[in-house]
Amino acid sequence: MSLPVILFAVVGAATCASALGVVAARDVVRMAVWLLFTLVGVSLIYFLLGAEFAGAAQLIVYVGGTLVLVVFGVMLTAHGPLRELRTRRTEWFVGGALGVALFTLLAVVSLKLGSPTAGEDPLPGPGPLGMSFLGATDTSPKGAVSGTPTGGVVRTPTAYLLPFEIVSVHLLVVLVGAAYLARAKRKRPQA
Amino acid sequence: MNELGLTPFLLLSAFLFACGVVCVTTKRNAIGVLMGVELILNAANVNLVAFARFNPAFRLEGQVFALLVVVLAAAEAAVALAIILNFYNNHSTVDVDEAKNLRG
């Protein structure tokens with residue numbers, strides 16, 4: 155048992171447990187808290203996979219942004235003291251059967267896929283990825299960062315700048331649209 | 016990362032995906048459904064990053080796609096919450112079973 159295996163066992167078990175908590179919790183606030191633990195666990199999985207930039211982005215955007223948004227939504231739509239919307243028993247049964255069937259299918263496919271081991275060269279971590287986003291690398295994103303290019307396909311340094319810009323403009327448009335949609339224009343009738 | 020292969024990550028992702036699907040299908044609160052969608056997107060992201068780690072041809076693209084998915088999920092959550100708030104303003108509930116206004 156090496157350290158990564160132990161770390162994966164602990165983090166993966168915690169992530170799965172909190173995902174189950176999201177499913178099982180009735181209260182929306184508790185669901186949000188379980189979702190927080192799940193997202194943090196997924197970011198730790200990213201760090202374990204050597205994807206530091208993606209893990210940091212997951213922590214910043216998801217845990218810092220999206221989850222705060224969700225919690226605001228929960229608070230703004232709280233109807234009385236933590237009102238619960240109960241699910242019927244047949245819906246639980248059908249949904250649970252669907253989930254078990256899906257998990258079985260995916261697990262069978264995953265086990266059949268085999269388990270290749272990682273290559274010997276370390277992943278490009280935050281450095282190459284961030285540099286590629288900024289277009290600051292002097293080599294292709296797949297080659298060595300500070301060394302000489304290793305042949306193969308050579309890309310322009312600004313390989314991921316255009317998707318980055320498209321995503322940022324899309325985010326801006328979406329936020330303006332969300333603010334327009336969610337503006338308080340009429341008082342809701344007292345139910 | 017010597018003993019740890021691709022399969023454990025795929026199994027974890029499958030579990031997260033199944034949890035998200037169950038969440039989407041069983042929750043009646045619209046925000047709960049949104050949280051299920053977030054779980055599903057996270058499962059897809061775990062797959063992308065894991066394949067980026069274990070497949071040399073997919074090395075950097077996996078992480079880039081995962082980042083794009085994270086940003087698009089943030090945008091989707093913003094729009095979905097705006098729609099939910101609007102629905103709540105008009106109908107005083109977040110029960111998705113009550114959303115029948117566009118039914119013909």
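If you read the sequences in order, they're chains V and Y. Whatever position you read off the first sequence (first residue = 1), add 154 for this note's numbering. Whatever position you read off the second sequence (first residue = 1), add 15 for this note's numbering. Built from N, CA and C at the ideal position, the CB exists for glycine as well.
- Message: So, for I99(Y): in the same chain, excluding its five sequence neighbours on each side, which residues have a beta-carbon less than 7 Å away from its beta-carbon?
- Response: By one-based count along the second sequence, residue 99(Y) stands at place 84. Excluding sequence neighbours, I99(Y) sits near A45, I46 and V109.
- Query: Can you give the Cα-Cα distance for V85(Y) and A186(V), rounded to whole angstroms?
  - Reply: Taking the first residue of the second sequence as position 1, residue 85(Y) is located at position 70. Taking the first residue of the first sequence as position 1, residue 186(V) is located at position 32. Approximately 18 Å, taken between the alpha carbons.
- Assumed close pair A4(Y), L21(Y) - CB separation to whole angstroms, cut-off 8 Å: The requested residue 4(Y) does not occur in the structure, where chain Y is confined to residues 16 to 119.
- Message: Please classify N62(Y) as buried or exposed, where buried requires at least 16 other C-beta atoms within 10 Å of its C-beta.
- Response: Translated into the one-based positions of the second sequence, residue 62(Y) becomes position 47. Classification of N62(Y): buried, given that the 10 Å Cβ count is 16 or more.
- Query: Would you report the Cα separation of V159(V) and A167(V), rounded to the nearest angstrom?
  - Reply: The residue given as residue 159(V) occupies position 5 in the first sequence. The residue given as residue 167(V) occupies position 13 in the first sequence. V159(V) and A167(V): Cα-Cα distance of roughly 12 Å.
- For D181(V), the residue or residues it bridges with in DSSP: In the first sequence, counting from the first residue as 1, residue 181(V) sits at position 27. Bridge partners of D181(V): none, in fact.
- Item | chain Y contact for A173(V) (CB, 8 Å cutoff) | Your numbering for residue 173(V) matches position 19 in the first sequence. Taking Cβ atoms only, chain Y reaches closer than 8 Å to A173(V), which makes this a yes.
- What is the DSSP secondary structure of L25(Y), counted as helix, strand or coil? As a first step, residue 25(Y) is located in the second sequence; it is residue number 10 there, counting from the start. Residue state, collapsed to three classes: helix.
- Message: Just to confirm the assignment, what range does the alpha helix (DSSP H) spanning A88(Y) have?
- Response: Numbered from 1 along the second sequence, position 73 holds the residue referred to as residue 88(Y). Element bounds for A88(Y): R74 to H106.
- Query: Ordered along the chain, which non-local residues of its own chain (more than five positions away) have a Cβ less than 8 Å from that of V215(V)?
  - Reply: Numbered from 1 along the first sequence, position 61 holds the residue referred to as residue 215(V). Result list for V215(V): empty, nothing under 8 Å.
- Task: Give the single residue among L193(V), T169(V), M229(V) and M155(V) whose Cα lies nearest to the Cα of G218(V).
- Result: Here residue 218(V) is taken as the residue at index 64 of the first sequence, counted from 1. Checking every option, the nearest Cα to that of G218(V) belongs to L193(V).
- Query: What first and last residue would you give for the alpha helix (DSSP H) that runs through I320(V)?
  - Reply: Taking the first sequence and counting its residues from 1, one reaches residue 320(V) at position 166. L315 to L335 is the span of the alpha helix (DSSP H), which, as asked, contains I320(V).
- Query: With 16 other CB atoms within 10 Å as the buried threshold, where does A171(V) fall?
  - Reply: For this step, residue 171(V) is matched to residue 17 along the first sequence. Exposed is the call here.
- Query: So, does the CB of L316(V) fall closer than 8 Å to a CB anywhere in chain Y?
  - Reply: By 1-based counting over the first sequence, the position of residue 316(V) is 162. Output row for L316(V): interface = no.
- Roughly how many angstroms separate the alpha carbons of L190(V) and P71(Y), rounded to a whole number? Taking the first residue of the first sequence as position 1, residue 190(V) is located at position 36. Taking the first residue of the second sequence as position 1, residue 71(Y) is located at position 56. Taking the straight line joining both Cα atoms gives about 32 Å.
- Item | Cβ neighbour criterion (16 or more within 10 Å) applied to Y200(V) | Residue 200(V) sits at position 46 when you count from the first residue of the first sequence. Counting Cβ neighbours within 10 Å, Y200(V) comes out buried, since at least 16 surround it.
- Please list the partners that I199(V) has in chain Y, where partner means a Cβ-to-Cβ separation under 8 Å. If you number the first sequence from 1, residue 199(V) lands on position 45. Correct list: F24, L27, V61 and V64.
- Using the Cα positions of N57(Y) and T220(V), report the straight-line distance between them to the nearest angstrom. Taking the first residue of the second sequence as position 1, residue 57(Y) is located at position 42. Taking the first residue of the first sequence as position 1, residue 220(V) is located at position 66. When rounded, the distance between both Cα atoms is 13 Å.
- Item | Simplified DSSP assignment, three categories, for N116(Y) | Mapped onto the second sequence, residue 116(Y) falls at position 101. Note: N116(Y) maps to coil in three-state DSSP.
- Item | CB contact below 8 Å: G55(Y) versus chain V | Against the second sequence, residue 55(Y) aligns to sequence position 40. Correcting the residue type first, residue 55(Y) is Ile in the shown sequence and not Gly. No - not a single Cβ of chain V is within 8 Å of the one on I55(Y).
- Are the CB atoms of V94(Y) and V48(Y) nearer to each other than 8 Å? Position 79 of the second sequence, counted from the start, is the residue given in the question as residue 94(Y). Position 33 of the second sequence, counted from the start, is the residue given in the question as residue 48(Y). No, the Cβ-Cβ distance between V94(Y) and V48(Y) is not below 8 Å.
- Message: Does any residue of chain V have a CB that is nearer than 8 Å to the CB of N101(Y)?
- Response: Sequence index remark: in the second sequence, residue 101(Y) carries index 86 (1-based). Closer than 8 Å: yes.
- Query: Who pairs with N44(Y) in a beta bridge, going by DSSP?
  - Reply: In the second sequence, the residue the question calls residue 44(Y) occupies position 29. Paired residues: D110(Y).
- Query: Per DSSP, what kind of secondary structure is L202(V) in: helix, strand or coil?
  - Reply: What you label residue 202(V) is simply residue 48 of the first sequence in a count that begins at 1. Reduced to three states, the DSSP call for L202(V) is helix.
- Item | Limits of the unbroken alpha helix (DSSP H) element including R371(V) | Any answer about residue 371(V) is impossible in this case: the structure gives chain V only from 155 up to 345.
- Message: Taking the alpha carbon of A88(Y) as the reference point, which residue from K42(Y), T40(Y), N105(Y) and G51(Y) has its own alpha carbon closest?
- Response: To locate residue 88(Y), count along the second sequence from 1; it is residue 73. For A88(Y), the nearest C-alpha among the options comes from G51(Y).
- Item | Residue span of the alpha helix (DSSP H) that contains L223(V), given as start and end | Along the first sequence, read from residue 1 onward, the residue named residue 223(V) stands at position 69. Start and end: L221 to L230.
- Query: Can you give the beta carbon distance from Q78(Y) to A67(Y), rounded, assuming they're within the 8 Å contact cut?
  - Reply: As a first step, residue 78(Y) must be located in the second sequence, where it is residue number 63. As a first step, residue 67(Y) must be located in the second sequence, where it is residue number 52. The Cβ separation is near 5 Å, so the contact holds.
- Task: Mind listing the chain V neighbours of A33(Y)? Cutoff is C-beta to C-beta under 8 Å, in chain order.
- Result: Here residue 33(Y) refers to the residue found at position 18 of the second sequence. Those are G253, V254, L256, F257 and L260, listed as they occur along chain V.
- Query: Nearest-angstrom Cα distance between E245(V) and R180(V)?
  - Reply: Position 91 of the first sequence, counting from 1, holds the residue named residue 245(V). Position 26 of the first sequence, counting from 1, holds the residue named residue 180(V). The alpha-carbon atoms of E245(V) and R180(V) are separated by roughly 14 Å.
- Cβ distance (whole Å) where L256(V) is taken to contact F32(Y) below 8 Å: Here residue 256(V) corresponds to residue number 102 of the first sequence, with the count starting at 1. Here residue 32(Y) corresponds to residue number 17 of the second sequence, with the count starting at 1. Rounded, the Cβ-Cβ distance is 7 Å, consistent with contact.
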